[in-house]
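Protein chains in written order, with the numbering used here: chain A, 596 to 936; chain B, 596 to 936.
Note that the Cβ used here is the ideal one computed from N, Cα and C, for glycine as well.
2 protein chains.
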Amino acid sequence: MAELTLEDIARQAGVSRSTVSRVINGSPNVRESVRKRVLEVIQQTGYHPNAAARTLASQRSWTLGLVLPHSVSVFFTDPYFPHLTKGIAQACNQYNYTLALFLVGTKEDEEKIFPRISRKGLLDGVLVQSGHHGDQQIIWRLVNSKMPLVVAGRPFRSDGVSYIDIDNVKASYNAVSHLIRLGRRRVATIAGPAHSTVGLDRREGYVKALYEHGLEVNESLIAEGDFTESGGYSAMQSLLPAKPDAVFAASDIMAIGAMRAAREAGLRIPHDIAFVGFDDLPIATLSDIQLTTVRQPVVQFGYKAVELLIDLIENGLNPPRRVIMDTELIVRDSCGASLQS
Amino acid sequence: MAELTLEDIARQAGVSRSTVSRVINGSPNVRESVRKRVLEVIQQTGYHPNAAARTLASQRSWTLGLVLPHSVSVFFTDPYFPHLTKGIAQACNQYNYTLALFLVGTKEDEEKIFPRISRKGLLDGVLVQSGHHGDQQIIWRLVNSKMPLVVAGRPFRSDGVSYIDIDNVKASYNAVSHLIRLGRRRVATIAGPAHSTVGLDRREGYVKALYEHGLEVNESLIAEGDFTESGGYSAMQSLLPAKPDAVFAASDIMAIGAMRAAREAGLRIPHDIAFVGFDDLPIATLSDIQLTTVRQPVVQFGYKAVELLIDLIENGLNPPRRVIMDTELIVRDSCGASLQS
DNA sequence: AATCATTTTGGGAGCGCTCCCAAAATCTTA
DNA sequence: TAAGATTTTGGGAGCGCTCCCAAAATGATT
Chain A
596 MAELTLEDIA
606 RQAGVSRSTV
616 SRVINGSPNV
626 RESVRKRVLE
636 VIQQTGYHPN
646 AAARTLASQR
656 SWTLGLVLPH
666 SVSVFFTDPY
676 FPHLTKGIAQ
686 ACNQYNYTLA
696 LFLVGTKEDE
706 EKIFPRISRK
716 GLLDGVLVQS
726 GHHGDQQIIW
736 RLVNSKMPLV
746 VAGRPFRSDG
756 VSYIDIDNVK
766 ASYNAVSHLI
776 RLGRRRVATI
786 AGPAHSTVGL
796 DRREGYVKAL
806 YEHGLEVNES
816 LIAEGDFTES
826 GGYSAMQSLL
836 PAKPDAVFAA
846 SDIMAIGAMR
856 AAREAGLRIP
866 HDIAFVGFDD
876 LPIATLSDIQ
886 LTTVRQPVVQ
896 FGYKAVELLI
906 DLIENGLNPP
916 RRVIMDTELI
926 VRDSCGASLQ
936 S
Chain B
596 MAELTLEDIA
606 RQAGVSRSTV
616 SRVINGSPNV
626 RESVRKRVLE
636 VIQQTGYHPN
646 AAARTLASQR
656 SWTLGLVLPH
666 SVSVFFTDPY
676 FPHLTKGIAQ
686 ACNQYNYTLA
696 LFLVGTKEDE
706 EKIFPRISRK
716 GLLDGVLVQS
726 GHHGDQQIIW
736 RLVNSKMPLV
746 VAGRPFRSDG
756 VSYIDIDNVK
766 ASYNAVSHLI
776 RLGRRRVATI
786 AGPAHSTVGL
796 DRREGYVKAL
806 YEHGLEVNES
816 LIAEGDFTES
826 GGYSAMQSLL
836 PAKPDAVFAA
846 SDIMAIGAMR
856 AAREAGLRIP
866 HDIAFVGFDD
876 LPIATLSDIQ
886 LTTVRQPVVQ
896 FGYKAVELLI
906 DLIENGLNPP
916 RRVIMDTELI
926 VRDSCGASLQ
936 S
């Protein structure tokens with residue numbers, strides 16, 4: 596049984612191809628009785644229009660691409676990404692877009708994939724999860740290809756590119772200030788990698804908080820992690836000799852690793868050492884001690900990114916759009932706030 | 596700047612549309628000098644063929660769909676899914692397919708998405724992650740639509756459908772036998788939901804192991820979890836009164852939750868109570884005590900599923916293909932094997 | 001009932017490719 | 001060098017839609 600075409604439906608309903616097309620696309624200029632008849636035939640036959648033909652004729656594919664560049668390994672360690680993907684997928688469902696997923700692991704992958712994402716005919720727009728230095732190239736190639744593009748996470752060079760981000764500086768400033776207000780004086784940080792804007796921004800907020808509270812920035816209280824549990828674990832080990840009494844970790848998963856290291860070193864949480872994480876994903880509440888953390892609206896973030904992209908597709912690329920979302924400090928046990936009665 | 600077409604390249608290279616098409620598709624019947632000239636023009640102009648036009652003309656989209664039905668909530672709790680997705684994406688990259696991701700949360704989602712996946716023109720084939728009872732309907736609709744389909748995880752009704760799975764019965768039989776061999780006599784299980792084939796099969800292996808080792812099956816030693824950490828946690832709490840000396844959990848994440856509950860109840864692991872998980876994802880080695888677990892080749896599983904699907908696409912749907920992959924018991928600390936010196 | 005305005009309908013052209021067939025160019029062989 | 005075999009090339013048709021324009025049908029107005 597060959598696939599049905601518009602023409603088949605038209606014949607069966609006794610109308611023309613154009614009329615069936617109008618019915619399908621919800622044009623108002625169809626007599627009610629005719630619409631009903633056509634709809635019936637469509638129902639009975641289970642006809643669905645061919646996506647490729649539609650795309651070719653209308654120059655609109657109703658497909659968005661999600662590119663996750665080079666972050667692949669982290670992608671599967673940090674629950675942040677699945678949550679982001681969830682928000683994006685939900686928005687795509689909502690707005691009737693199909694989501695194409697591109698996991699770019701290697702340079703070869705990038706070369707293979709680039710033609711597919713840069714040319715109309717497959718995608719109407721592209722979402723790139725980024726903030727890493729290594730992602731700059733693909734972003735610029737995309738910008739030059741005039742493909743509607745939204746970057747999730749501020750890119751290093753952001754002139755002319757639309758992106759969505761959270762206020763990382765403010766968020767970590769608040770988190771660290773909270774620790775200081777609780778009386779902690781040797782506040783350490785496990786920062787994200789310096790080749791990422793998230794890493795840089797959260798570190799900046801940390802420094803700013805210390806500074807504004809009259810505390811000195813001590814390099815031996817700053818370690819760098821890679822957003823993995825084991826990265827947090829070893830960062831914490833390197834921090835231990837400096838005897839911190841609090842740690843602000845740039846992600847929950849690193850905080851979890853760090854707490855494991857602290858526990859192994861015989862420290863009591865939060866009595867001897869306090870912890871604040873970042874993300875507020877479910878894992879934050881799963882360890883024996885509930886993690887105080889910065890809640891970022893990951894799912895909504897993804898959802899909003901899609902809305903931004905659709906805006907670009909429908910209303911043109913200029914001016915570039917910028918969206919900064921808010922965060923909230925969620926106080927639980929690991930920061931020791933409950934110690935002060 | 597409008598997008599370039601085949602015709603443009605043909606004109607610039609002084610050949611016909613057909614010849615350019617041949618060059619792009621690697622046809623051998625092109626004079627070498629001509630091929631070189633055309634390739635040069637393509638290079639210079641940065642031309643890429645339009646995917647929609649190609650799909651329409653060749654009836655091949657080079658796109659595969661991955662459908663994750665109803666499991667959405669678990670999807671973002673259990674790292675199994677990201678890993679599976681990784682394998683699938685890698686295979687797609689390898690074989691030059693684009694991956695379209697469909698997260699089906701609600702019945703409405705299913706209705707919205709079904710037309711897109713069932714009709715040629717968008718997808719060449721579909722992969723459904725399944726094993727849940729609620730997924731039967733979409734699988735059968737897909738089977739009836741004659742769309743090439745591979746189910747990842749044995750579906751409830753498997754006649755005529757191609758699927759890939761691991762030998763869950765054997766795997767859990769081995770895991771439980773291992774615990775018994777170590778001298779545990781009150782072996783409990785935290786099974787997966789009874790509305791999933793994984794849940795059922797792993798439970799069956801558990802029962803079989805007890806039976807073959809002459810132990811009685813005690814209903815109070817069987818609890819059901821939902822593949823989440825907190826599900827494992829509460830399942831363990833319900834198991835505690837029956838005083839198990841070992842627990843086989845149907846997933847690592849549930850084992851982690853269960854161990855948390857056991858620890859909170861003052862039990863020492865593995866001295867008082869041993870644990871074996873299932874999956875061997877990175878989390879298995881991240882807790883304070885290393886988890887003994889059944890390793891299943893999740894990434895390769897996804898990869899293989901794609902290869903299966905491509906086989907169906909290229910060589911026809913019949914007979915249905917079946918692939919069962921092997922697992923391996925990874926012995927670490929939580930089972931107490933190291934206690935026997 | 002005739003005229004004009006408005007709504008509804010049909011069909012042609014075209015989106016940018018692939019595929020097939022026949023024509024042109026090139027190579028063999030006697 | 002001519003005939004035939006083979007390789008290379010060009011162009012038409014068609015994939016299944018959308019979009020536009022003109023024709024047909026309907027409605028409003030005198």
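Distance from the CA atom of GLY872 of chain A to the CA atom of SER653 of chain B, rounded to whole angstroms, is 52 Å.
The C-beta distance from ALA869 of chain B to LEU774 of chain B rounds to 6 Å, short enough to meet the 8 Å contact threshold. Under the criterion of beta carbons closer than 8 Å, LEU816 of chain B and ARG781 of chain B qualify as touching, at roughly 7 Å. Not flagged as an interface residue toward chain A: PHE870 of chain B, since no C-beta distance is shorter than 9 Å. When only Cα atoms are considered, GLY861 of chain A and ALA804 of chain A end up about 28 Å apart. For PRO892 of chain A, no chain B residue has a Cβ inside 7 Å of its Cβ, as the nearest lies near 15 Å away.
At a cut-off of 9 Å between beta-carbon atoms, LYS681 of chain B makes contact with chain A.
Checking the DSSP bridge columns, you'll see ASP867 of chain A has no partner listed.
In terms of beta-carbon proximity, ARG711 of chain B lines the interface with chain A, with at least one pair separated by less than 9 Å. Each residue's CA atom was taken as its position, placing PHE671 of chain A and ALA747 of chain A some 18 Å apart. Taking the Cα of TYR801 of chain A as reference, the smallest distance to any Cα among A:MET831, A:VAL894, A:VAL842, A:LYS899 is reached at A:VAL842. The Cβ-Cβ distance between ALA845 of chain B and ALA786 of chain B falls below 9 Å. For ASN620 of chain A, no CB of chain B lies under 9 Å from its own CB, so it is not counted at the interface with that chain. Scanning its chain for C-beta atoms nearer than 6 Å, with the 5 sequence neighbours on each side dropped, one finds no residue around HIS866 of chain B. Against chain B, a Cβ distance below 8 Å from THR888 of chain A picks out nothing, because the smallest value is about 17 Å. In the DSSP assignment, PHE709 of chain A falls within the unbroken alpha helix (DSSP H) covering 702-713. The beta carbon of GLY755 of chain B lies closer than 8 Å to those of VAL738, PRO915 in the same chain, with the five residues before and after it left out.
In the structure shown, MET742 of chain B adopts coil according to DSSP, grouped into three states.
Between VAL625 of chain A and VAL636 of chain A the beta-carbon gap is near 14 Å, outside 8 Å, which marks them as no contact. Under DSSP, ARG917 of chain B shares a beta bridge with B:TYR758. Fully enclosed alpha helix (DSSP H) runs of no fewer than 4 residues occupy 612-619, 627-640, 646-653 of the region 612-665 of chain B, in order along the chain.
If you draw a straight line from the Cα of GLU703 of chain A to the Cα of THR784 of chain B, it is about 45 Å long. Taking GLY820 of chain B as the centre and dropping the five residues before and after it, the same chain places the C-beta of ILE785, GLY826, GLY827, ALA830, MET849 closer than 6 Å to its C-beta, in chain order.
Segment contact: the region 685-696 of chain B against the region 897-906 of chain B, three or more CB-CB distances shorter than 8 Å; contact assigned. Between VAL629 of chain B and ILE604 of chain B a beta carbon distance of about 12 Å is seen, past the 8 Å cut, so the two are scored as non-contacting. When DSSP states are grouped into helix, strand and coil, ASP847 of chain B belongs to the helix group. Comparing alpha-carbon positions, the option among B:VAL812, B:ARG752, B:GLU824, B:ALA770 lying closest to HIS790 of chain B turns out to be B:ARG752. DSSP places GLU824 of chain A in the uninterrupted alpha helix (DSSP H) bounded by 824-834.
DSSP, reduced to helix, strand and coil, places HIS727 of chain B within a strand of the structure shown. Looking at the DSSP output, SER791 of chain B sits in a beta bridge with B:HIS727. Using a Cβ distance threshold of 9 Å, ILE884 of chain A and SER929 of chain A count as a contacting pair. Within the region 642-663 of chain A, contact with chain B at the beta-carbon level (separation under 7 Å) is assigned to HIS643, ASN645, ALA646, ALA647, ALA648, THR650, LEU651, SER656. From the beta-carbon of ARG612 of chain A, no residue of chain B is found nearer than 8 Å; the closest lies around 16 Å away.
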